[in-house]
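So for the sequence shown, UniProt numbering puts the first residue at 1; every next one is plus one.
Don't be surprised by glycine CBs; every beta carbon is placed ideally from N, CA and C.
Fair warning: this is a prediction, and the values are worked out from it, not measured in the lab.
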Amino acid sequence: MVTRGFFGRNSGGNEADRIPPGQHVVDHWPVLTAGPTPRIDTAEWKFTLKIGPRPVKVWTWSEFNALPQTKVTRDIHCVTTWSKLDTNWEGVTVDDILADAGVERPSDFVLAHCFDGYSSNVPLADLTSGKAMVALKYEGQPLPRDHGGPARLLVPHLYFWKSAKWINGLQFTERDEPGFWELRGYHIYGDPWREQRYTND
1 MVTRGFFGRN SGGNEADRIP PGQHVVDHWP VLTAGPTPRI DTAEWKFTLK IGPRPVKVWT
61 WSEFNALPQT KVTRDIHCVT TWSKLDTNWE GVTVDDILAD AGVERPSDFV LAHCFDGYSS
121 NVPLADLTSG KAMVALKYEG QPLPRDHGGP ARLLVPHLYF WKSAKWINGL QFTERDEPGF
181 WELRGYHIYG DPWREQRYTN D
């Protein structure tokens with residue numbers, strides 16, 4: 001197990017300094033989804049990395065779990081105004097996914113794709129250099145289904161809708177293509193410290 005630098009705003013320190021504008025702290029973890037919670041059998045689960053429409057590598061569940069595992073503790077912030085502090089995650093960094101596929105930087109933009117048809121756009125710069133992972137465990141346990149299990153994207157320095165649930169792939173795109181919520185009025189980037197909740201924020 002490796003615990004490497006997972007960068008962004010760190011957990012720890014003065015709690016008031018860790019809460020973005022307009023947010024409040026919760027102890028529980030609200031369940032919010034755009035649709036029904038899918039049932040995903042890990043025996044059928046696959047993760048695909050694409051450059052445009054072209055698949056460059058596909059991992060099975062066992063192959064993906066054999067990649068280097070990283071543990072992190074981060075604060076998370078939902079666009080619906082709740083924040084949860086010191087959440088513990090384990091998974092595979094996007095850096096390690098790209099390294100295993102032999103991919104460096106085919107473009108500056110990425111779409112995360114999910115089993116339920118959901119997608120979310122994130123600039124590559126916000127996924128690499130230790131900023132993001134595909135999370136497989138939460139608080140030392142397999143990621144609960146309601147919270148995106150068996151795997152979800154974790155991009156803790158952006159609003160939590162960017163941390164797409166039930167992820168099954170990343171796709172490099174030539175431009176910053178809006179995902180599900182971005183097409184429905186949410187901000188294209190989603191920085192909680194700048195309150196980028198909706199399109200014109």
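Check                                                                                                                             : Outcome
Neighbourhood of residue 191 by C-beta, 6 Å cutoff - its chain only, sequence neighbours within 5 removed                         : none
Chain-order list of residues whose beta-carbon lies under 8 Å from that of residue 142 (same chain, five-residue window excluded) : 136, 149 and 150
Reduced DSSP category for residue 163 - H, G, I as helix; E, B as strand; rest coil                                               : coil
The segment 183-201 in contact with the segment 158-169 per 3-pair CB rule at 8 Å                                                 : yes
Backbone CA spacing between residue 53 and residue 171 [nearest angstrom]                                                         : 8 Å
Sheet register partners of residue 84 (DSSP bridge)                                                                               : 76
Pair within 7 Å by beta-carbon distance, residue 70 and residue 93                                                                : yes
Opposing strand residues paired with residue 119 [DSSP bridges]                                                                   : 113
Alpha carbon of residue 22 to alpha carbon of residue 65, nearest angstrom                                                        : 37 Å
Beta-carbon spacing of residue 107, residue 113 below 7 Å                                                                         : no
Residues near residue 179 by beta carbon distance below 7 Å, same chain, minus five either side                                   : 111, 119, 120 and 121
Opposing strand residues paired with residue 90 [DSSP bridges]                                                                    : 71 and 137
Between the CA atoms of residue 152 and residue 167 - distance to the nearest angstrom                                            : 5 Å
Cα-Cα separation, residue 84 to residue 74                                                                                        : 9 Å
Residue interval of the alpha helix (DSSP H) (run including residue 45)                                                           : Neither: residue 45 is in no alpha helix (DSSP H) and is coded neither H nor E.
Per DSSP, the bridge partner or partners of residue 22                                                                            : Answer by DSSP bridge pairing: none, since residue 22 is not bridged.
Under the three-state DSSP convention, the category residue 14 falls into                                                         : coil
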